[in-house]
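Enquirer:
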Amino acid sequence: MENRLSEPTMVFKRPVTPILEVVFNDGTKNVRVINSECVIVGRSKQADISVEDDKLSRNHFMVVKSEGKFEIKDLSSANGLVVNGKKTRQAVLTGNDRIKAGETTFHFVLSRDDLRKDEMLIADPSIKVNLFEKKYAPKKGVFGKKVMLTALSASLLVFAVTLGVLGWEKEARVAPSIKKEKSIQSIANVEKELDAAKLSAEEKMKALNLFRIAEHHFNLKNWELAKKTMESYYALIPNSILASAFIAVCDEALSKAITVEDKIDEIQKETDKRELIAKLLRDGNSELNEENFDEANSIFLKVISLDEYNQEAYNGLITVDKEIARIQREQEEEQLVQPVAESEAYAKQMIELFNKGNYTKSFEIAVRLATMGKEKAGEAPFAKAINTQMKIKSITNKMYGNMVNEAGLLAKANASDEAIKVYKKVLSRFPYHDGAKSGLSRIMKQRHEQAKELYAKALIERTYPQESKSAEKLRTVLTLVPTSDEYYQKAKIALQKKS
């Protein structure tokens, strides 16, 4: 049977493992095996690789795997990034790179798998070895290679563990013959464990209810809810092997379910993206044929934001520039409409501001002239306004494109707070940047949905009762969304009622 690795990075046709070494001032190293497509390094405790260095930004840089290559990107850090002796914002890593960020040195290495054993051997005892965050490592089920266990399988396994914990030796010996008749619905087994834990009557009832709820969610294949409920049970009985086995089964099911969903989602997103680009190109060409140049220009720029190498979109932008230049020449030659004196003054001021680099004010005047229309503004000022709008959009897209892209990567890496800061930074410099506005709007919509879900869970937990957890979720809602959001107001009212 042929052995294959799933999506390996190959060096001389041999599989390799990406490793990031953190080199401390005393010479010791912290070796991190990278098992994620995107790794954020910084001073923050929420960073994937957190390093205590005052010169590091909270999220200083990221390492991203893209099309078989590894790239390093500076996340708008205060002290910058040096790769192989050169200060840079972005670079492709070769597999033997020296990185300097703050006062910390990092080594990025592609280690050949055929030269490594199953467990990493370090000759120098001063070197510290840690696997990269467990949450990114592929999960291994504690029950072997079977991945998606049904509710019945989980029940049988947990029942067997329960027998061992409680010392029911006779039942354990005959377990194979009665597996089909036993399940985790044997509440008597749970009660044995509760008695051994010496809980009060109230705590025992609460734990028993939690177990029943977890079992119910598991049977419905709601792995996440089943795991969270069992974790509450586990908090009451920290030495419960029954609970730990149950949680392990949920983790295994979740890891595989997420993998499948991610692949389907990735394929669907790529298909949707191609369809959207095709539709935008059709719309752009249609607007171009109807001489709606501002709309056509905006559409072609959207295509380039989705596919920066789309030749048809670039050709469309060139055609827009040529057509506007042609119209300007015709207007100057024919002078069909006498320009309004006020519009001419606005147009002059707009050009002066543009030449000084004050794109925000220049853009606002251009919008005002374009809104007035040809008849009120005059042909020449109107055409200048349209042309100035397009130039400013093109310039600002180039100026802030990298920042918007970095904010998008931060949002994908669940660093939405940092992403919001970058988007707002762009909008503070140019409030009309379409990419920054849409990115910020997308995050706020996601947070609105998170707040909605947390608010619903908080209301449910009040019925158990679990007042402290309910209040914690309501307070989290207040930090997620702005005061104008409906769930901010609902959460605030709910907290006031509690107090």
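Counting from 6, one number per residue, gives the positions in the sequence shown under this note's numbering. The C-beta atom is built at its ideal place from N, Cα and C for all residues, glycine as well. What you are looking at is a predicted structure, and each value in this text was computed from that prediction instead of being measured.
(1) For the beta strand (DSSP E) containing F1, name the first residue and the last one.
(2) Give the single residue among S49, A385, I309 and T93 whose Cα lies nearest to the Cα of L61.
(3) How about I246 and E236: do their beta carbons lie closer than 8 Å?
(4) So, with DSSP's three-state summary, where would you put F113?
(5) One question on the structure: do A424 and A441 come within less than 8 Å of each other, judged by their Cβ atoms?
(6) At the level of alpha carbons, what is the spacing between F368 and N297?
(7) Going by other Cβ atoms of all chains shown within 10 Å of its Cβ, with 16 needed for buried, is G289 buried or exposed?
(8) Please state whether the Cβ-Cβ distance between E250 and I242 is less than 8 Å.
(9) Going straight from the alpha carbon of T276 to that of F305, what length do you get?
(10) Just to check my reading of the structure: I448 and A416 have Cβ atoms closer than 8 Å, yes? What is that Cβ distance to the nearest angstrom?
(11) Can you have a look at Y314 and say buried or exposed, based on whether 16 or more other CB atoms are within 10 angstroms of its CB?
(12) Per DSSP, what kind of secondary structure is I329 in: helix, strand or coil?
(13) Thinking V36 and E26 are a contact (beta carbons under 8 Å), I'd like their distance in whole angstroms, please.
(14) Do K398 and F387 come within 8 Å of each other at the CB atom, strictly closer than that value?
(15) So, helix, strand or coil for F435, using DSSP?
(16) How is K60 classed by DSSP in three states: helix, strand or coil?
(17) Kindly give me the distance between the Cβ atoms of D299 and A375, rounded to whole angstroms, as I take these residues to be in contact under 8 Å.
(18) Considering only residues of the stretch 18–45, which uninterrupted alpha helix (DSSP H) runs meet the minimum length of 4 residues and lie entirely inside it, listed in chain order?
(19) Return the CA-CA distance between A202 and A240, expressed in angstroms with no decimal places.
(20) What is the DSSP secondary structure of Q95, counted as helix, strand or coil?
(21) I need the straight-line Cα distance from M395 to T481, nearest angstrom please.
(22) Grab me the residues of S82's own chain with a C-beta within less than 6 Å of its C-beta, minus the 5 sequence neighbours each way, in chain order.
(23) So A212 and Y238 are in contact, right, with Cβ under 8 Å, and what is the actual spacing, rounded?
(24) Counting along the chain, where does the beta strand (DSSP E) carrying A106 start and finish?
(25) Is DSSP giving I323 helix, strand or coil here?
(26) Have a look at the DSSP bridge pairing and note the partners of E313.
(27) With a 10 Å radius around its C-beta and 16 neighbouring C-beta atoms as the bar for buried, classify D31 as buried or exposed.
(28) If we ignore side chains and look at the alpha-carbon of each, how far apart do K426 and G47 end up?
(29) As an exercise, report each continuous alpha helix (DSSP H) stretch of at least 4 residues that is fully enclosed by the stretch 380–454, in chain order.
(30) Give the straight-line distance between the Cα atoms of I218 and A231, rounded to the nearest whole angstrom.
(31) Taking contact to mean at least 3 C-beta pairs separated by less than 8 Å, is the stretch 484–499 in contact with the stretch 454–462?
(32) Taking S443 as the reference, which of Q455, R434, R452 and Y428 has the closest Cα?
(33) Am I right that V325 and A301 are in contact with their C-beta atoms under 8 Å? What's the rounded C-beta distance?
(34) Taking its Cβ as the centre, do 16 or more other Cβ atoms sit within 10 Å of E466, making it buried, or is it exposed?
(35) Would you kindly check if the distance between the Cβ of E280 and the Cβ of Q336 is under 8 Å?
(36) Which first and last residues belong to the alpha helix (DSSP H) in which E236 is found?
Expert: To lay it out plainly:
(1) Any answer about residue 1 is impossible in this case: the structure gives the chain only from 6 up to 504.
(2) By one-based count along the sequence shown, residue 61 stands at place 56. For L61, the nearest C-alpha among the options comes from S49.
(3) The residue given as residue 246 occupies position 241 in the sequence shown. The residue given as residue 236 occupies position 231 in the sequence shown. 8 Å or more divides the Cβ of I246 from the Cβ of E236.
(4) In the sequence shown, the residue the question calls residue 113 occupies position 108. Three-state DSSP puts F113 in a strand.
(5) Counting from 1 along the sequence shown, the entry for residue 424 is found at position 419. Counting from 1 along the sequence shown, the entry for residue 441 is found at position 436. Their beta carbons are not under 8 Å apart, which means A424 does not touch A441 by this criterion.
(6) To locate residue 368, count along the sequence shown from 1; it is residue 363. To locate residue 297, count along the sequence shown from 1; it is residue 292. When rounded, the distance between both Cα atoms is 18 Å.
(7) Residue numbering aside, residue 289 sits at position 284 when the sequence shown is read from its first letter. Burial call: buried.
(8) Within the sequence shown, the letter at position 245 stands for residue 250. Within the sequence shown, the letter at position 237 stands for residue 242. Correcting the residue identity first, residue 250 is Ala in this sequence and not Glu. No, the Cβ-Cβ distance between A250 and I242 is not below 8 Å.
(9) For the purposes of this step, residue 276 is taken as the residue at position 271 of the sequence shown. For the purposes of this step, residue 305 is taken as the residue at position 300 of the sequence shown. Cα to Cα, T276 sits roughly 19 Å from F305.
(10) Position 443 of the sequence shown, counted from the start, is the residue given in the question as residue 448. Position 411 of the sequence shown, counted from the start, is the residue given in the question as residue 416. Contact holds; Cβ gap of about 6 Å.
(11) By 1-based counting over the sequence shown, the position of residue 314 is 309. Answer is exposed; the Cβ neighbour count stays below 16.
(12) Counting from 1 along the sequence shown, the entry for residue 329 is found at position 324. If DSSP states are grouped into helix, strand and coil, I329 belongs with the helices.
(13) For the purposes of this step, residue 36 is taken as residue 31 along the sequence shown, with counting starting at 1. For the purposes of this step, residue 26 is taken as residue 21 along the sequence shown, with counting starting at 1. Their Cβ separation, rounded to whole angstroms, is 5 Å, which keeps V36 and E26 in contact under 8 Å.
(14) Stepping through the sequence shown from its first residue, residue 387 is reached at position 382. Stepping through the sequence shown from its first residue, residue 398 is reached at position 393. No, Cβ-Cβ distance for F387 and K398 is not below 8 Å.
(15) As a first step, residue 435 is located in the sequence shown; it is residue number 430 there, counting from the start. Residue state, collapsed to three classes: coil.
(16) For the purposes of this step, residue 60 is taken as residue 55 along the sequence shown, with counting starting at 1. Here K60 sits in coil by DSSP.
(17) The count along the sequence shown starts at 1 and reaches residue 299 at position 294. The count along the sequence shown starts at 1 and reaches residue 375 at position 370. The beta carbons of D299 and A375 sit about 7 Å from each other, so the pair counts as a contact at 8 Å.
(18) Qualifying alpha helix (DSSP H) stretches: none in this window.
(19) Residue mapping note: residue 202 aligns to position 197 of the sequence shown, counting from 1. Residue mapping note: residue 240 aligns to position 235 of the sequence shown, counting from 1. C-alpha separation (whole angstroms): 12 Å.
(20) Position 90 of the sequence shown, counting from 1, holds the residue named residue 95. In this structure, Q95 counts as strand in the three-state DSSP scheme.
(21) Against the sequence shown, residue 395 aligns to sequence position 390. Against the sequence shown, residue 481 aligns to sequence position 476. Rounded to whole angstroms, M395 to T481 spans 42 Å at the Cα level.
(22) Within the sequence shown, numbered from 1, the residue matching residue 82 stands at position 77. Closer than 6 Å at Cβ, skipping near neighbours: S62 and H65.
(23) Along the sequence shown, read from residue 1 onward, the residue named residue 212 stands at position 207. Along the sequence shown, read from residue 1 onward, the residue named residue 238 stands at position 233. The beta carbons of A212 and Y238 sit about 6 Å from each other, so the pair counts as a contact at 8 Å.
(24) As a first step, residue 106 is located in the sequence shown; it is residue number 101 there, counting from the start. Its beta strand (DSSP E) spans residues N101 to A106.
(25) Position 318 of the sequence shown holds residue 323. The answer is helix: DSSP assigns I323 an H, G or I state.
(26) Residue 313 sits at position 308 when you count from the first residue of the sequence shown. In the DSSP output, where bridge partners are listed per residue, E313 has none listed.
(27) Sequence index remark: in the sequence shown, residue 31 carries index 26 (1-based). Counting other Cβ atoms within 10 Å of its Cβ, D31 stays below 16 and is therefore classed as exposed.
(28) Sequence index remark: in the sequence shown, residue 426 carries index 421 (1-based). Sequence index remark: in the sequence shown, residue 47 carries index 42 (1-based). Spanning the two alpha carbons is a distance of roughly 16 Å.
(29) 384–417 and 421–434
(30) Locating residue 218 in the sequence shown gives position 213, counting from the first residue. Locating residue 231 in the sequence shown gives position 226, counting from the first residue. If I take the Cα positions, the gap works out to 7 Å.
(31) yes
(32) Start at 1 with the first residue of the sequence shown, and residue 443 comes out as number 438. Residue Y428 is the option with its Cα nearest to S443.
(33) Looking up residue 325 in the sequence shown gives position 320. Looking up residue 301 in the sequence shown gives position 296. About 5 Å separates the two Cβ atoms, so the contact holds.
(34) The residue you call residue 466 lines up with position 461 of the sequence shown. Result: buried.
(35) Stepping through the sequence shown from its first residue, residue 336 is reached at position 331. Stepping through the sequence shown from its first residue, residue 280 is reached at position 275. No.
(36) The residue labelled residue 236 in the question sits at position 231 within the sequence shown. E236 -> alpha helix (DSSP H) spans W228 to L241.
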